[in-house]
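Residue 32 is where the sequence shown starts when you use the numbering used here, and the numbers rise one by one after that. Every residue, glycine too, gets a C-beta built ideally from N, C-alpha and C. Okay, structure first, notes after.
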Amino acid sequence: MLCGTAFQAARAQDDGMLEMIVPLLSSPDTDMRALAWEQVRTGLPGKEATLALVAELEKLEPDAQIGLLRALADRKDKAARDGILALYKSTKNDEVRIEAAIALSYLGGNDEVPLFLELAKSEDTRETALGCLRRLQGDTVTQQIVHAAGKVDPNLGAQLIAVLAERRAIETVPSLLDLAVCATPELRKAAMQSLSELAGPEVIPQMARGVLRASPGPEREAAEKCLAAVAQRISDPNRRARPLLEAMLPMESRDQLALLPCVGRIGGKLALQIVLSAVEHPSPKAHDVGVTALCNWPDSSPADELIDLYLTDEHDVHKRRALRALIRIAPLPDGRSEAERLALLKRVLELCRHESDKRLAVARAGAIRSIETLRFLMPLTENEALREDACFAIVELAHHRDLREPNKEEFDAALDRVIEVAKDPIVVQRAQTYKKGETWGGPKRSERK
C-alpha cells in the first residue's frame, strides 16, 4: 500500500513537470526553451513522457522542433523513434528534416538504413547521411551498407565503404574482398583501403588478387600499400612477406612479377633474397620489376644493395630511382642509432650529382633528431643552393623541445642563422617561434616551386 502510494505520488510529480515543460517548448524566450530542452534530456523519465513530448513535435515552429529533436536524441529513448520518423516524412522544412534524420541515427536501427542511403544520394545531404550511418546501431546495418555500396553511384559507394572502416565493421571483410576485385575502380580502391584498416594477415592471399586487379599506376601502388599495411600486423618483420610469397607460388610468372613490387613494400630477409634475384635476372622486364621492388623497401636494410645498384646499373632511370630510395630510407627510424642514420644520409649526399637530389637529401636530415645533425646542417647554410633546405631541416629539429632545450645555446645560434638567411617566411616564423621557446602549429614550410 505504501509502495503504491509512493508510486502514484512520483507519477503525479512527473505529470506535473510535464505539464510545466510542454508550454515552454514553444516559448518565445530562447532561455526558457533551452531550460525545457534540458529537462527533456534528463528530468522527465519514462516512456510515457517520451511519447507525450514527441506528440508536441508537429505543433511547434521549426526552430523549436529542432531543439526538441536534439533533446530527444540525447534522451536516447527509442520510444521516440516512430514519431520522429513521421515528422521526417511529413515536414517541408529541410533543416527540421535533417535534424530528424540525425535523431533517428541515435534512436533507430536496421530499418533506418534505406532512409539514410536515400538521403546520401543527394550531395546536399550526403555528409549528414554518412554521419548517420556511422552512428546507427543494428545487427544488419553494416551488411546493408556493404550490399548497397556496389549498387549506387561509384563515388557514393566508395564513401559507404569508408564508413565500414570507421565503424570497425570486421564482419564485412569477406564482402570487401569481393569488392576489391570488382569492375569499378572507385570501389576497388575504397575496398582495399578499408581492408588495410580492418583485415588480418590471413586474408593477404585474397588481397593479392585485389592488387592484381588494380590498374597499373596509382591504383596498383595504392593497393600494394594497403596489402603491405596488413602484413605489418605480423610481429616478426622477417615473416611478414611469407603469406604473400606463399600465395604467389602457384601463380603464373606474369602475376608473380606483378606482385614483386608489393613484396618490396613489405620487406624482410626472405623477401630481399627473392627481390635481389629479380634485380640480377638477365631479363630486362624482371630486372626492372626487381629494381622497383627494391626501391619500395620500408626500411634501410637494403642500403648497400641500393648503393651498388646506383653505382653499377646501366640505366639512368634505375640509378635515379635507387638514389631517391636511398634519400627516403636513410633517415628512417628503423632501429638504427641517430649516428648510423646520419652517416648513411651523408653517404647518400655524396652520391648526389643533381641539385634537386641534394636538396631532398638535406631536407630529410630534419628527421634525424640529434645535435650532430644540427652541426652537420649549419655549414650547409653557407651553400646558396642548399641553404633553404638546410634551414628547413634546422627548424624541423628545433620543433622537438626535448632536443632543443638541452642544447639551447647551439639551437639559438642556429635559429638566428635561419632568421638571417632563410627566404621562406614560414621557416623564418618557425625559427622565431622556437627561439622564444614557443610551440609552432602551422604549416611546415611554403610550397616549393
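| task | Would you tell me roughly how many angstroms separate the C-alpha atoms of Leu88 and Ala160, rounded to the nearest one? | result | Straight-line spacing of the CA atoms in Leu88 and Ala160 works out to 22 angstroms.
| said: Comparing C-alpha positions only, which one of Ser58, Arg219, Pro329 and Ile425 sits nearest to Arg448? | reply: Arg448 has its Cα closest to that of Ile425, out of Ser58, Arg219, Pro329 and Ile425.
| Cys213 and Met238: beta carbons closer than 9 angstroms? | The answer is no: Cβ separation not under 9 angstroms.
| field | Collapsed DSSP secondary structure at Leu487 in the structure displayed | value | Given a span of 32 to 480 for the chain in the structure shown, any question on residue 487 remains unanswerable.
| said: As a quick exercise: from Lys377, Arg390 and Ala370, pick the residue whose alpha carbon is nearest that of Glu403. | reply: Of the listed residues, the one whose Cα sits closest to Glu403 is Ala370.
| query | Helix, strand or coil: which one does DSSP assign to Arg199? | reply | Coil, per DSSP.
| query | How big is the Cα-Cα spacing for Asp170 and Asn141? | reply | Looking at the backbone, the Cα of Asp170 and that of Asn141 are separated by about 7 angstroms.
| Of all the options Leu276, Thr215, Leu49 and Ile176, which has the alpha carbon lying nearest to the alpha carbon of Thr203? | Selected option, being the one with the closest Cα: Ile176.
| field | Same chain, Cβ closer than 6 angstroms to Glu427, neighbours up to 5 away in sequence not counted | value | Excluding the 5 residues flanking it on each side, Glu427 has same chain C-beta neighbours closer than 6 angstroms at Gly397, in chain order.
| request: Could you check the C-alpha separation between Ala179 and Ser225 for me, to the nearest Å? | output: Taking the CA atoms as reference points, Ala179 sits about 16 angstroms from Ser225.
| With 16 other CB atoms within 10 Å as the buried threshold, where does Thr323 fall? | By the neighbour-count rule (16 or more Cβ atoms within 10 Å), Thr323 is buried.
| query | Rounded to a whole number of angstroms, what is the C-alpha to C-alpha distance between Glu419 and Lys439? | reply | Roughly 22 angstroms separates the two Cα atoms.
| task | Could you tell me whether the Cβ atoms of Glu130 and Arg101 are closer together than 9 angstroms? | result | In contact: Glu130 and Arg101 (Cβ atoms closer than 9 angstroms).
| field | Same chain, Cβ closer than 7 angstroms to Leu33, neighbours up to 5 away in sequence not counted | value | With a pLDDT of 38 at Leu33, under the threshold of 50, the predicted position of this residue should be treated as unreliable, and no value is reported.
| query | Is it buried or exposed for Arg42, if we count other Cβ within 10 angstroms and need 16 for buried? | reply | Bear in mind that the predicted position of Arg42 carries a pLDDT of just 44, short of 50, making it unreliable; the figure below should be weighed with that in mind. Label assigned to Arg42: exposed.
| Less than 9 angstroms separating the beta-carbons of Leu411 and Leu382? | The answer is no: Cβ separation not under 9 angstroms.
| request: Return yes when the Cβ of Ser121 is within less than 9 angstroms of the Cβ of Cys163, no when it is not. | output: Contact flag unset, no.
| said: Once the 5 residues before and after Leu218 are set aside, which same chain residues still bring their CB inside 8 angstroms of it? | reply: The residues are Ala180, Gly181, Pro185, Gly188, Ala189, Ile192 and Leu210.
| request: Please classify Gly472: is it buried, with 16 or more other beta-carbons within 10 angstroms of its beta-carbon, or exposed? | output: It counts as exposed.
| field | For Leu307 and Ala230, the rounded distance between their alpha carbons | value | Roughly 29 angstroms separates the two Cα atoms.
| In terms of residue numbering, what span does the alpha helix (DSSP H) encompassing Thr61 cover? | Counting along the chain, the alpha helix (DSSP H) containing Thr61 begins and ends at Thr61 to Thr73.
| field | Top-ranked residue by Cα proximity to Lys107, from Gly77, Val127 and Gln96 | value | Minimum Cα-Cα distance from Lys107 among the listed residues Gly77, Val127 and Gln96 corresponds to Gly77.
| Beta-carbon proximity of Leu380 to Ala353, cut-off 9 angstroms | Taking a C-beta distance under 9 angstroms as the contact criterion, Leu380 and Ala353 do not qualify as a contact pair.
| CA-to-CA distance, Leu375 to Val452, given in whole angstroms | Each residue's Cα considered, the two are about 27 angstroms apart.
| N- and C-terminal bounds of the alpha helix (DSSP H) containing Gln463 | Secondary structure note for Gln463: its alpha helix (DSSP H) is the uninterrupted segment Pro456 to Lys466.
| task | May I ask which residues mark the beginning and end of the alpha helix (DSSP H) holding Lys107? | result | Where Lys107 is concerned, there is no enclosing alpha helix (DSSP H), given that its DSSP letter is neither H nor E.
| said: Can you confirm whether the stretch 285 to 297 touches the stretch 335 to 344 when touching is taken to mean that 3 or more C-beta pairs between the two stretches lie within less than 8 angstroms? | reply: They do not touch, by the three-pair rule.
| When you compare only the Cα positions, how much space is there between Gln463 and Ile97? | Going from the Cα of Gln463 to the Cα of Ile97 covers about 48 angstroms.
| said: the ligand FMN and Leu288: does the residue's C-beta get closer than 8 angstroms to at least one heavy atom of that ligand? | reply: With respect to the ligand FMN, the structure shown offers nothing to examine, as it has no ligands at all.
| request: Return the CA-CA distance between Leu275 and Pro364, expressed in angstroms with no decimal places. | output: In this model, Leu275 and Pro364 are separated by some 25 angstroms (Cα to Cα).
| field | Cβ shell of Gln39 (< 7 angstroms), same chain only, five flanking positions each side left out | value | Note that Gln39 scores 40 on pLDDT, short of 50, meaning its location in the model is unreliable and no value can be drawn from it.
| Using 9 angstroms as the limit for Cβ to Cβ distance, is Pro59 near chain C? | The chain labelled as chain C is not found in the depicted structure, where only one protein chain is given.
| query | What's the call for Gln44, buried or exposed, on a 16-neighbour Cβ count within 10 Å? | reply | With a pLDDT of only 45 at Gln44, under the threshold of 50, the placement of this residue in the model should not be trusted; the figure read from the coordinates follows. Exposed.
| Do Leu118 and Leu56 have their C-beta atoms closer together than 9 angstroms? | Between Leu118 and Leu56, the gap from beta carbon to beta carbon reaches 9 angstroms or more.
| query | Hey, would you say Val127 sits closer than 9 angstroms to Leu103, going by beta carbons? | reply | For the 9 angstroms CB-CB criterion, Val127 and Leu103 do not form a contact.
| said: Can you tell me whether Asp347 is buried or exposed? The criterion is at least 16 other CB atoms within 10 Å of its CB, across all chains shown. | reply: Flag for Asp347 reads exposed.
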